[in-house]
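Trainee: One structure, pasted below without further comment.
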Amino acid sequence: MKYWRRPLDADHCRSPHGIVHIIINRCKGCGFCINYCPKQVLEFSRHFNRKGYHPPVVVKPEACVDCGLCGAICPEFAIWSTPNPECILDEPAEAKPA
Numbered sequence: 001m002k003y004w005r006r007p008l009d010a011d012h013c014r015s016p017h018g019i020v021h022i023i024i025n026r027c028k029g030c031g032f033c034i035n036y037c038p039k040q041v042l043e044f045s046r047h048f049n050r051k052g053y054h055p056p057v058v059v060k061p062e063a064c065v066d067c068g069l070c071g072a073i074c075p076e077f078a079i080w081s082t083p084n085p086e087c088i089l090d091e092p093a094e095a096k097p098a
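Taking full-length UniProt numbering, the leading residue of the sequence shown gets 1, the next gets one more, and so forth.
Listed below in structure tokens is the structure:
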């Protein structure tokens with residue numbers, strides 16, 4: 001679906017990017033982080049952790065926008081995101097010719 005409304009500076013804005021950190025052995029495999037991620041960055045691993053659960057793994061690291069929902073929803077505090085230092089938002093993106 002294409003939206004007809006766009007901010008005037010949409011060509012100059014970039015979304016933030018984050019890095020997802022997971023403590024594998026703290027995870028109990030509830031899947032809340034996977035279900036609540038708005039960008040589908042995570043999915044269940046095929047491997048087991050020490051507790052016998054399938055922890056999440058990052059499958060699309062470039063899609064993370066550092067919203068923090070994964071860390072906020074995790075009951076075990078096993079996952080969180082931090083801003084990616086390589087993605088600097090202070091520099092405007094190059095404008096595309098109209």
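C-beta: ideal position from N, C-alpha, C; glycine also.
Under 8 Å between the Cβ atoms of P56 and E43?
Mentor: Counting from 1 along the sequence shown, the entry for residue 56 is found at position 56. Counting from 1 along the sequence shown, the entry for residue 43 is found at position 43. Result yes, Cβ atoms of P56 and E43 sit closer than 8 Å.
Trainee: Leaving out the 5 sequence neighbours to the left and right, which residues in its chain are closer than 6 Å to W80 when beta-carbon positions are compared?
Mentor: Residue mapping note: residue 80 aligns to position 80 of the sequence shown, counting from 1. Contacts found: H21, G71.
Trainee: Measure the Cβ-Cβ separation of Y53 and C33 and say whether it is below 8 Å.
Mentor: Numbered from its first residue, the sequence shown carries residue 53 at position 53. Numbered from its first residue, the sequence shown carries residue 33 at position 33. Not in contact: Y53 and C33 (Cβ atoms no closer than 8 Å).
Trainee: Going by the beta-carbon positions, is the gap between N25 and R46 smaller than 8 Å?
Mentor: Numbered from 1 along the sequence shown, position 25 holds the residue referred to as residue 25. Numbered from 1 along the sequence shown, position 46 holds the residue referred to as residue 46. Against a cut-off of 8 Å, the Cβ pair of R46 and N25 comes out as no contact.
Trainee: Go through its chain and collect everything with a Cβ distance to G68's Cβ below 7 Å, but skip five positions before and after it.
Mentor: Mapped onto the sequence shown, residue 68 falls at position 68. Excluding sequence neighbours, G68 sits near S81.
Trainee: Measure the CB-CB distance between C74 and I19 and report whether it falls below 8 Å.
Mentor: Taking the sequence shown and counting its residues from 1, one reaches residue 74 at position 74. Taking the sequence shown and counting its residues from 1, one reaches residue 19 at position 19. No, the Cβ-Cβ distance between C74 and I19 is not below 8 Å.
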